[in-house]
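This note's numbering puts the first residue of the sequence shown at 65, with every later residue one more than the last.
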Amino acid sequence: MLRDPALVRLSRDHHQALVVAQRLRRATQATLSSALESFRTYWEREGAEHFAAEEQLLLPLLAEQAHQGEPVVADVLIDHLVLRHQADRLLGRPGDPDRLEGARELGARLTEHVRREERVLFPLLERVLSSEELADLADRLENAHLRLVSPADTAQAQDSADRWLGLNYGPLPGPGDSEGG
């Protein structure tokens, strides 16, 4: 698939993500440590920066599209939150007995996420942005100083997203709350 030059670097990152995701999906007890180390290396060197570039440079350009009924913008953001959470949990719990299952789930989710971006998000960008806007995006991607998300940021963002999405109802409303008594 021929990509606009502005998106080529991100598509190359996607190739690396798919290689790592495949190792996670196919992991066995014997290959789990190697697959996790491969993921850790990818995550620390490319993955976190890739997510930051999309969140800080790419997705804001499409925010208006989300208001016009394009769910892919929200879907990608939610994917990022969930993937960060899964990665932090998997890499931070070396003795977890469910690590193999967690690695396979992370690999499957990462694969699905990359495919969503390549098949839906990038074509949308190429469709709605002018040639000049795409060239500006390429320049910004090349020269960006990105703020990378830490595990503490991830937990806070995940909690916030869960609440806004209605997935975490938290404490019941009480006196003085708009819904409480």
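Every residue, glycine too, gets a C-beta built ideally from N, C-alpha and C.
Note that this is a predicted model, so its numbers are computed, not measured.
Whole-number beta carbon distance between residue j and residue i, since they are thought to touch under 8 Å
| i | j | result |
| --- | --- | --- |
| H177 | L147 | 6 Å |
| A70 | A199 | 7 Å |
| A91 | L164 | 6 Å |
Span of the alpha helix (DSSP H), counted from its first residue to its last, around residue i
| i | result |
| --- | --- |
| L147 | 136-156 |
| E176 | 163-180 |
| D203 | 195-207 |
| V184 | Note, V184: premise wrong, no alpha helix (DSSP H); not H, not E. |
Nearest-angstrom Cα separation, counted from residue j out to residue i
| i | j | result |
| --- | --- | --- |
| L88 | L125 | 32 Å |
| A151 | V140 | 16 Å |
| A172 | Q86 | 8 Å |
| R142 | V136 | Note on residue identity: the sequence assigns Ile, not Arg, to residue 142. About 10 Å. |
| N207 | V72 | 15 Å |
| E101 | L193 | 38 Å |
| D77 | A117 | 11 Å |
| L205 | E181 | 16 Å |
| L122 | V184 | 13 Å |
| T175 | E169 | 10 Å |
| E67 | S195 | Sequence inspection shows Arg at residue 67; the Glu mentioned does not correspond to that position. Spanning the two alpha carbons is a distance of roughly 13 Å. |
| D203 | R191 | 19 Å |
| P161 | E128 | 43 Å |
| P158 | S97 | 10 Å |
| S248 | E197 | Residue 248 cannot be examined here, being either before or after the span of the chain that is shown, 65 to 245. |
For residue i, three-class secondary structure by DSSP
| i | result |
| --- | --- |
| A91 | coil |
| L236 | Because L236 sits at a pLDDT of 48, beneath the cut-off of 50, its placement in the model cannot be relied upon, and the following sentence gives the value as read from the coordinates. Here L236 sits in coil by DSSP. |
| D68 | coil |
| Q80 | helix |
| G111 | helix |
| G120 | The sequence shown places Gln at residue 120, not Gly. It is helical. |
| Q86 | helix |
Review point. With contact counted as at least three CB pairs below 8 Å, one residue from each stretch, are the segment 76-85 and the segment 103-114 in contact?
Key: yes
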